[in-house]
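The structure appears right after this line, and notes come after that.
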Amino acid sequence: MSVMTRPTAVGPPGYTETLPCEPKTARRARRLVSGALNTWGIAELVDAGTLIVSELVGNAVRHTSCRLVRVSVRRVKDDLVRIGVTDRSHALPRMDLVAEGDETGRGLVLVDALSYRWGYDEMRWGKTVWAEPAVSPC
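Residue 38 in full-length UniProt numbering sits at position 38 of the sequence shown, with consecutive numbering throughout.
Next comes the structure, spelled out in structure tokens:
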């Protein structure tokens, strides 16, 4: 399967890529987010942004039976970036309480800690889970 990163044609600057819904996709998603943030001159968000997208892709892989996901990163405002993962599942994300010894279930806790805010948008055919790490003022 050949994939191509595409800049958005209208609206805020951004990039999207449709990828297989499988664990190795997280690597490609991290490169997409890192490339966009570096292009926009906000490299200070690369660590948070790549962790966020890894968790969002990981959740789609683990909790849906979708064949594809769409990863997007948009510069909503000068001081705000939105990272999203879209799939065709109607299963909504939940931030569960995790016990100290639990080895899984911390993904959205991490996303919450790294984000100004996060959420999801439901659509008739699926959803987008997104997070917004804030750009620090200069």
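In this text, a Cβ means the ideal position worked out from N, Cα and C, and glycines have one as well. Keep in mind that this is a model prediction, so the values were computed, not measured.
Item: Paired residues, beta bridge with ARG82 - DSSP; Value: ARG74
Item: Validate contact between the stretch 111 to 124 and the stretch 66 to 76 using beta carbons, cut 8 Å, 3 pairs; Value: no
Item: Contact under 8 Å by Cβ, residue 139 with PRO133; Value: Residue 139 lies beyond the residue range present for the chain, which begins at 1 and ends at 138; the question has no answer from this structure.
Item: Cβ neighbours of ASP121 in the same chain (closer than 6 Å, five flanking residues each side left out); Value: THR128
Item: Backbone CA spacing between VAL135 and TRP40 [nearest angstrom]; Value: 11 Å
Item: Own chain, CB closer than 6 Å to PRO12, minus 5 neighbours either side, in chain order; Value: ARG74, ARG75, VAL76
Item: Residue burial classification, ALA43 (beta-carbon count within 10 angstroms, cutoff 16); Value: exposed
Item: Pair within 8 Å by beta-carbon distance, SER72 and GLY84; Value: yes
Item: CB contact flag (MET95, VAL81, <8 Å); Value: no
Item: Assigned secondary structure, ALA131 (DSSP; H/G/I helix, E/B strand, else coil); Value: strand
Item: Member of TRP130, SER89, VAL111 whose CA lies at the smallest distance from the CA of VAL61; Value: SER89
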